[in-house]
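Line by line, the protein sequences are chains A and B.
Numbers in the numbering used here are just positions in the first sequence, counted from 1, shifted up by 885.
Numbers in the numbering used here are just positions in the second sequence, counted from 1, shifted up by 885.
Where is the CB? At the ideal position from N, CA and C, for every residue including glycine.
Structure, as structure tokens:
Protein chains: 2
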Amino acid sequence: MANDSSYKDKKVITIGIVRDLTGLSERQIRYYEERKLIFPERSAGGSRKYSFADVELLVEIANKIEDGVQTHEIRKEMLRAQKKQNQNEITRKMIQGQLNAQFGLRKGPSS
Amino acid sequence: MANDSSYKDKKVITIGIVRDLTGLSERQIRYYEERKLIFPERSAGGSRKYSFADVELLVEIANKIEDGVQTHEIRKEMLRAQKKQNQNEITRKMIQGQLNAQFGLRKGPSS
DNA sequence: AAACCATGTCAGGTAACCTTACACAATTGT
DNA sequence: ACAATTGTGTAAGGTTACCTGACATGGTTT
């Protein structure tokens, strides 16, 4: 209901493939996780699983680091960006609420 | 130039994940490959890599098999479907060619 | 100078994957 | 009726891929 449900966000890519797609070392990829910049899921056995969105994010992270930004700063940026995103979400819901109140829309069943 | 370049066709999913996504056994997935219904890529070390498109195709295949269609038949269907697809592609190119001839468009450099 | 950053690398261990082979019920072909 | 094929399970033995933890190191920060 809230999203794409599409391929981009499904966590299905193992770290070796991510390495190949990004050119980063596994060490780097794991380190950025340790620094809380990226959040893979895990398989039952403990293997990391990433999404295409994660892959793109990793590339951005790597670029910033190359520009001398440290993980600590990157993390702050990300939190800021996400806060803004949350705010938008809230705003959207508020407006939706206003409309519902004005025009008496109901949350009808799916279709 | 010819395609989406997007996530759907990138071969990045290992067989274990495909198993989880489709509910098929690894045996089945490998068998359908043996019957030439599906064509994963391979990692350097020999592990199979599938795309989301492959995953969807596998589900379709499994459905047909459940309906009693044999791999042999499914393969024929697929070849037929692909031939039609190729024909469309050819048609498209022919029309494009006609237009180019009519209006003298050049294949200029990329942008 | 002490602490931290980002990364490489090595070791030992487990999970995930590979191929080959045998089995077998069910279906299809002759 | 019988032989061949289909689709799937399962087991063995082997290799690849991934995991964590630890030590090393040259550059920054503090």
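For a contact defined as C-beta to C-beta under 9 Å, what are the partners of residue i on chain B?
i, result
"Thr869 of chain A", "Since the first and last residues shown for chain A are 886 and 996, residue 869 of chain A lies out of range."
Rounded to whole angstroms, what is the Cα-Cα separation between residue i and residue j?
i, j, result
"Thr899 of chain A", "Asn985 of chain B", "45 Å"
"His957 of chain B", "Asn973 of chain B", "25 Å"
"Tyr917 of chain A", "Gln987 of chain B", "56 Å"
"Asp905 of chain B", "Phe937 of chain A", "18 Å"
"Thr976 of chain B", "Gln983 of chain A", "52 Å"
"Leu964 of chain A", "Asp939 of chain A", "16 Å"
"Asn948 of chain A", "Gly931 of chain B", "31 Å"
"Val954 of chain A", "Glu919 of chain A", "17 Å"
"Gln895 of chain B", "Lys978 of chain A", "Just to set this straight, residue 895 of chain B is Lys in the shown sequence, not Gln. Those two C-alpha atoms are separated by around 35 Å."
"Gln970 of chain B", "Gln913 of chain B", "27 Å"
"Lys893 of chain B", "Glu962 of chain B", "22 Å"
"Ala929 of chain B", "Ala929 of chain A", "25 Å"
"Glu911 of chain B", "Asp952 of chain B", "20 Å"
"Arg915 of chain A", "Gln967 of chain A", "22 Å"
Suppose contacts are defined by Cβ-Cβ distances below 8 Å. Is residue i in contact with residue j by that definition?
i, j, result
"Ile902 of chain A", "Val903 of chain B", "no"
"Lys921 of chain B", "Arg927 of chain B", "no"
By alpha-carbon positions, which one of the options ends up nearest to residue i?
i, options, result
"Leu909 of chain B", "B:Arg927, B:Ile950, B:Gly931 and B:Lys893", "B:Ile950"
"Thr907 of chain A", "A:Glu945, A:Ser932, A:Lys893 and A:Pro925", "A:Glu945"
"Phe924 of chain B", "B:Gln955, B:Arg912 and B:Leu942", "B:Leu942"
List the residues of chain B whose Cβ lies closer than 7 Å to the Cβ of residue i, in chain order.
i, result
"Ile914 of chain A", "Simply none; closest approach about 15 Å."
"Phe937 of chain A", "Tyr892"
Can a CB atom of chain A be found closer than 8 Å to the CB of residue i?
i, result
"Val944 of chain B", "no"
"Val897 of chain B", "yes"
"Ile900 of chain B", "no"
Please list, in chain order, the chain B residues whose beta carbon lies closer than 8 Å to that of residue i.
i, result
"Ile923 of chain A", "Those do not exist, as Ile923 of chain A stays about 17 Å from chain B at its closest Cβ, beyond 8 Å."
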